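Number of protein chains: 2
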Amino acid sequence: MSGPVRSLKQARQIREVFGSVQPELLEVEAFLEHELEGALPMVQNVAGWVLGGGGKRIRPALLLLISHMLGYRGHRSIRYGAVVELIHTATLIHDDIIDESEMRRGRETANRRWGSQAAVLVGDWLYTRTMDLCLELGDVDVMRVLTTATLRMTEGELLADEVRGRIDIGEVTYMDITRRKTAELFAAACSLPALFQPSTLHLTGSLARFGINLGLCFQLIDDLLDYTGSADELGKPAMADLLEGRVTLPLLLLLPRLSSEQRGRIERVAREGTFEAIGASEVMELLRTSGVLEEVRERAMRFARDAVTELEPFGDRPEAVALRKAADLLLDRTR
Amino acid sequence: MSGPVRSLKQARQIREVFGSVQPELLEVEAFLEHELEGALPMVQNVAGWVLGGGGKRIRPALLLLISHMLGYRGHRSIRYGAVVELIHTATLIHDDIIDESEMRRGRETANRRWGSQAAVLVGDWLYTRTMDLCLELGDVDVMRVLTTATLRMTEGELLADEVRGRIDIGEVTYMDITRRKTAELFAAACSLPALFQPSTLHLTGSLARFGINLGLCFQLIDDLLDYTGSADELGKPAMADLLEGRVTLPLLLLLPRLSSEQRGRIERVAREGTFEAIGASEVMELLRTSGVLEEVRERAMRFARDAVTELEPFGDRPEAVALRKAADLLLDRTR
Chain P
27 MSGPVRSLKQ ARQIREVFGS VQPELLEVEA FLEHELEGAL PMVQNVAGWV LGGGGKRIRP
87 ALLLLISHML GYRGHRSIRY GAVVELIHTA TLIHDDIIDE SEMRRGRETA NRRWGSQAAV
147 LVGDWLYTRT MDLCLELGDV DVMRVLTTAT LRMTEGELLA DEVRGRIDIG EVTYMDITRR
207 KTAELFAAAC SLPALFQPST LHLTGSLARF GINLGLCFQL IDDLLDYTGS ADELGKPAMA
267 DLLEGRVTLP LLLLLPRLSS EQRGRIERVA REGTFEAIGA SEVMELLRTS GVLEEVRERA
327 MRFARDAVTE LEPFGDRPEA VALRKAADLL LDRTR
Chain Z
27 MSGPVRSLKQ ARQIREVFGS VQPELLEVEA FLEHELEGAL PMVQNVAGWV LGGGGKRIRP
87 ALLLLISHML GYRGHRSIRY GAVVELIHTA TLIHDDIIDE SEMRRGRETA NRRWGSQAAV
147 LVGDWLYTRT MDLCLELGDV DVMRVLTTAT LRMTEGELLA DEVRGRIDIG EVTYMDITRR
207 KTAELFAAAC SLPALFQPST LHLTGSLARF GINLGLCFQL IDDLLDYTGS ADELGKPAMA
267 DLLEGRVTLP LLLLLPRLSS EQRGRIERVA REGTFEAIGA SEVMELLRTS GVLEEVRERA
327 MRFARDAVTE LEPFGDRPEA VALRKAADLL LDRTR
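So, in structure tokens, the structure goes:
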């Protein structure tokens, strides 16, 4: 199956899995639009640009599906679905400044289009505005979950920034960064619905674990796709992580199996940001023949399996079935 | 009186005015230290660098003095004194990235010393952490005041960024930006103490007005000092505002009194960031002979007067007397 056909199939499958929450996903979109309509022009420009960039709204979709599963049908799931997407958006905006990225999802990044100055400020505005959106309902417990997730994400980025360009970071550091950077917001999105009704409060922990494991699976696949995906599928240059000095799991598993001369050449790529010391196709060949790509996929599968274990109490409820399919789709996605 | 002697005198006067809250200001410092001790190394580096840069802690001092005036002696004034200073710190860190500043208070800026990447993230971390510090006590009303002030500040910076390099911005826009950028956080610092006890809730509005007016006075003097202060007193290059394309009140009042040829030359400085089209001493001469420097000072005095009007209900209580002196000091300061 060719790349474009896979993408098409995948988009349809995602719509199917999250089919039961489509009406509410549209309400989340309307909420986001309404938020931007009331904002300053530059907030509309930058946030509108990033929100309109073809994101899959996975976090709000998970939040909505889990809200259904818990029997919640109030307006909080719409609001907080929008809030997690806004936090995610703020993170993307600031991350692209930090990485000095020029492309995301096949388009210019916000910092390139509107300048880093505006991008810093709009990110700040979005973070603060999300707190306001929680305050409007006085949902202190929701805020606690979200500020904690935001702090962890920022710490993840700080740790990642600290080890940038280094190939000796070790798996523990990599997993710590991945958990903070990606999995914590998944955990927040998945566990917040438990806070919407007193009767489901006891489910917070297991839903957070579902989210953490799903988030780890998601990020591992992302890191894998950075190597195996085409620039077209990724919407940014292939091997962007390595070029930006970010050593992820595929490389971490590969490095100990290389000669010190090969390691040295890969280190130069991470440090110099060009494929001068060793070509991209050569790196790819090493990854392919060493078997580490399958290993990363296996680890991602293990996290997906750990995630769905947390769904056991919900048996064969349609939402639990959909969430299991969602985990499979995250594993199989091309970008 | 020479510059250094004035600075010395001024530092002593500030200590005198805020003398009654010195013990609590030290507790605020201890709170800030404790906060940093628990943070990631890069947060310690960046935030410690900026917090240790010789700031005068005016916002916490006002908050503490007003807490005393309202008869509040609990621990909230320490915590929220630290919180407003942390918000202020986050703003400084992000502002210096946006302005690409290299010097603040006579030292390198955080972005220059630790890199813009780390500075973006540490600013984010501080903003989010301040929300956490409010959440720990469940103070939803305090959070509301602080998130609103933070949103307004960010909007002020966005508006300022939009008009950067333009000399035709008009006083209404300038005052709107100034109010948001500076006065809103003063208003928050001054009005929060009213929320600490139910019996003082009705004072929130008048204390917020006190803060707004004091903040406007503060910023007008700051904008004036950017022209009249020496680089030594300012801890950054003189006329930095103009060089960074930020047209403030002294220039706004001057421009209509110039020939279009002179205006054109000043516009070039704002746009090009160098004194090629007209020399700094020539700009200074125009400002001096036109009388606008006195006009700006008079306006600042008017805001100070409007501020202290709000203190009337507190008569001659020692804290009200000290706050009036604080307003005088802000007017008279050299940096």
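If you read the sequences in order, they're chains P and Z.
Everything in the first sequence is counted per our numbering, starting at 27 for the first residue and increasing by one.
Everything in the second sequence is counted per our numbering, starting at 27 for the first residue and increasing by one.
We put the CB at the ideal spot given by N, CA and C, even for glycine.
Since the model is a prediction, treat every value here as computed from it, not as a measurement.
When the cut-off is 8 Å and only beta carbons count, does tryptophan 75/P lie next to chain Z? Chain Z, which has no Cβ nearer than 8 Å to the Cβ of tryptophan 75/P, makes this no.
Could you confirm whether any beta carbon from chain P is found closer than 8 Å to the beta carbon of leucine 356/Z? no
Between glycine 164/Z and chain P, is the shortest Cβ-Cβ distance under 8 Å, so that the two count as touching? Taking Cβ atoms only, chain P reaches closer than 8 Å to glycine 164/Z, which makes this a yes.
Three-way DSSP call (helix, strand, coil) for arginine 291/Z in this model: helix
Quick one: does glutamate 320/P have its CB under 8 Å from some CB of chain Z? Put simply, the CB of glutamate 320/P is far from chain Z, with every gap to its CB atoms at 8 Å or more.
Whole-Å CB distance - valine 72/Z paired with isoleucine 124/Z, under 8 Å assumed: That pair is no contact at about 16 Å.
Whole-number beta carbon distance between isoleucine 193/P and arginine 289/P, since they are thought to touch under 8 Å: 7 Å
Alpha helix (DSSP H) runs contained entirely in the stretch 108 to 159 of chain P, provided each spans 4 or more residues: 136 to 140
Close-in-space but distant-in-sequence residues of the same chain around alanine 186/P (CB under 6 Å, 5 per side omitted): Ile203
Per-residue contacts from tyrosine 153/Z into chain P (C-beta, under 8 Å): Per Cβ cutoff of 8 Å: Asp150, Tyr153 and Thr154.
Would you list, in chain order, the members of the stretch 46 to 72 of chain P that have their beta-carbon closer than 9 Å to a beta-carbon of chain Z? Ala65, Leu66, Pro67, Met68 and Val69
Cβ atoms of isoleucine 304/Z and arginine 314/Z: under 8 Å apart, would you say? no
Is there contact here, the stretch 176 to 190 of chain P with the stretch 159 to 173 of chain Z, by at least three beta-carbon pairs under 8 Å? no
Please state if the CB of isoleucine 113/P and the CB of leucine 184/P are separated by a distance shorter than 8 Å. no
What are the residues of the stretch 170 to 182 of chain P that lie near chain Z, defined by any Cβ-Cβ distance shorter than 7 Å? Arg170, Thr173, Thr176, Leu177, Thr180 and Glu181
Burial state of valine 198/P (16 or more Cβ within 10 Å): Counting of Cβ neighbours within 10 angstroms places valine 198/P among the exposed residues, the total staying below 16.
Short Cβ contact (8 Å threshold) for arginine 205/Z with leucine 242/Z: yes
Apart from the five residues just before and just after valine 54/Z, which ones in its own chain have a Cβ nearer than 6 Å to its Cβ? Within the same chain, Pro86, Ile104, Gly107 and Ala108 come within 6 Å of valine 54/Z by CB-CB distance, once the 5 residues on both sides are set aside.
Report yes or no: is there a C-beta of chain Z within less than 8 Å of the C-beta of aspartate 187/P? yes
Drop a sphere of 10 angstroms on the beta-carbon of threonine 335/P, count the other beta-carbons inside from all chains shown, and report buried for 16 or more, exposed for fewer. exposed
Distance between beta carbons of valine 110/P and arginine 214/P, contact taken as under 8 Å: One detail in the question is off: residue 214/P reads as alanine in this sequence, not arginine. Rounded, the Cβ-Cβ distance is 7 Å, consistent with contact.
Taking Cβ-Cβ distances below 7 Å as the criterion, which residues of the stretch 108 to 125 of chain P are in contact with chain Z? His120, Ile123 and Ile124
Any residues in the stretch 194 to 211 of chain P with a beta carbon nearer than 7 Å to a beta carbon of chain Z? Which ones, in chain order? Shown here is that no member of the stretch 194 to 211 of chain P has a Cβ falling below 7 Å from a Cβ of chain Z.
8 Å contact criterion, which alanine 136/Z and tryptophan 75/Z should meet: CB distance rounded: 5 Å
Is alanine 333/P closer than 8 Å to leucine 218/P when the C-beta atoms are compared? no
Measure from the C-beta of aspartate 158/Z to each C-beta in chain P and report whether the shortest distance is under 8 Å. yes
8 Å contact criterion, which isoleucine 92/P and leucine 355/P should meet: CB distance rounded: That pair is no contact at about 16 Å.
Using the Cβ count rule (16 or more neighbours within 10 Å means buried), how would you classify histidine 94/Z? It counts as buried.
Kindly list the residues whose CB is nearer than 8 Å to the CB of glutamine 36/Z, restricted to its own chain and excluding five residues on each side of it in sequence; keep chain order. Leu355, Asp358, Arg359 and Thr360
First through last residue of the alpha helix (DSSP H) which encompasses glycine 261/Z: Per DSSP, glycine 261/Z belongs to no alpha helix (DSSP H) and is neither H nor E.
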